[in-house]
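Heads up, the thing below is written out as structure tokens.
Residue numbers (the numbering used here): 198 to 456.
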């Protein structure tokens with residue numbers, strides 16, 4: 198039987214006159230887009246362009262909320278109350294929902310960005326705050342969470358559909374979390390190495406840590422970061438290798454519906 202998987206990418210991360218990544222090329226490869234909502238990157242026009250292009254290419258839309266940290270690209274930790282985090286995430290989801298509706302589209306999932314994502318992977322209280330924001334806006338939205346994390350468990354406890362995510366271009370620690378970006382071995386830049394890792398995730402249900410430990414995971418979606426210089430080459434190789442192995446690439450809603 199042909200396997201299915203979702204490929205996603207964090208896109209719409211330009212801001213004003215500052216470009217970021219090759220969104221058009223990535224949208225020809227991935228099936229779902231996590232679109233920045235203005236807090237770490239993106240602005241109304243960038244969001245509009247990204248939504249229109251994604252819709253034209255049959256790519257499903259996701260909100261990509263972050264800490265309010267344009268200078269740090271949302272990758273610096275912040276200390277917020279649960280109430281602040283919940284309101285902040287709901288605000289950003291609502292912004293993208295408005296842009297999507299204005300262009301004939303619908304947001305179907307939410308994935309936190311950067312430091313917010315990493316913190317929620319291990320902080321149940323924060324993960325629940327994000328989940329409440331998602332449920333408050335639209336309980337049918339899919340919560341895209343790090344595979345095997347506290348975030349995934351929190352989303353399910355709130356009755357949300359949770360898609361578990363792994364990363365093509367990131368290395369893993371022995372506990373199944375991402376190697377911090379402060380370490381030189383955080384990122385994978387070699388396309389075939391990334392493709393080997395993803396095929397192992399899909400076929401064997403494991404990620405391999407930097408020490409060689411095999412960590413069991415359930416993976417519904419695989420992310421390739423759109424802001425990396427190697428992103429397009431890596432994503433192209435990944436898709437070719439998956440399809441050569443009879444793995445079909447589908448949108449996140451279709452993945453969760455088993456189509």
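Backbone N, C-alpha and C fix where the C-beta goes; we use that ideal spot for every residue, glycine too.
Cβ neighbour criterion (16 or more within 10 Å) applied to residue i
i	result
residue 283	buried
residue 308	buried
residue 313	buried
residue 241	exposed
residue 247	buried
residue 237	buried
residue 311	buried
residue 306	buried
residue 280	exposed
residue 454	exposed
residue 401	exposed
residue 293	buried
residue 368	buried
residue 337	exposed
residue 206	buried
residue 218	buried
residue 345	buried
residue 271	buried
residue 349	buried
residue 253	exposed
C-beta contact flag for residue i and residue j at 7 Å
i	j	result
residue 366	residue 384	yes
residue 416	residue 361	yes
residue 357	residue 340	yes
residue 213	residue 239	no
residue 330	residue 286	yes
residue 449	residue 257	yes
residue 223	residue 352	no
residue 347	residue 379	no
residue 263	residue 230	no
residue 419	residue 412	no
residue 266	residue 273	yes
Beta strand (DSSP E) segment containing residue i, residue limits
i	result
residue 413	411-413
residue 376	Unbroken run through residue 376: none, as it is neither H nor E.
residue 445	444-446
residue 305	304-307
residue 219	Looking at the DSSP string, residue 219 is not in any beta strand (DSSP E), and its letter there is neither H nor E.
residue 421	From DSSP, residue 421 is part of no beta strand (DSSP E); its letter is neither H nor E.
residue 200	200-208
Cα-Cα separation, residue i to residue j
i	j	result
residue 433	residue 202	15 Å
residue 395	residue 428	15 Å
residue 198	residue 456	Since pLDDT at residue 198 reaches only 48, below the 50 mark, its modelled position is unreliable, and no value is offered.
residue 333	residue 260	14 Å
residue 297	residue 228	16 Å
residue 235	residue 289	7 Å
residue 381	residue 200	33 Å
residue 391	residue 299	37 Å
residue 437	residue 444	10 Å
residue 388	residue 435	7 Å
residue 301	residue 255	12 Å
residue 354	residue 328	9 Å
residue 321	residue 342	12 Å
residue 335	residue 374	28 Å
residue 441	residue 232	29 Å
residue 386	residue 291	34 Å
residue 410	residue 399	17 Å
residue 364	residue 421	6 Å
Where the alpha helix (DSSP H) containing residue i begins and where it ends
i	result
residue 451	449-453
residue 311	311-317
residue 195	Examination of residue 195 is not possible in this model, given that the chain is present from 198 through 456 alone.
residue 432	428-441
Residue i CB to nearest heavy atom of the ligand SAH below 6 Å
i	result
residue 248	The ligand content of the structure shown is nil, which means the ligand SAH is not present either.
Let me know the beta strand (DSSP E) ranges lying completely inside the region 222-299, each 3 residues or longer, listed in chain order. 229-233, 257-261
Length at least 4, wholly inside the region 332-390: the alpha helix (DSSP H) runs in chain order: 347-354
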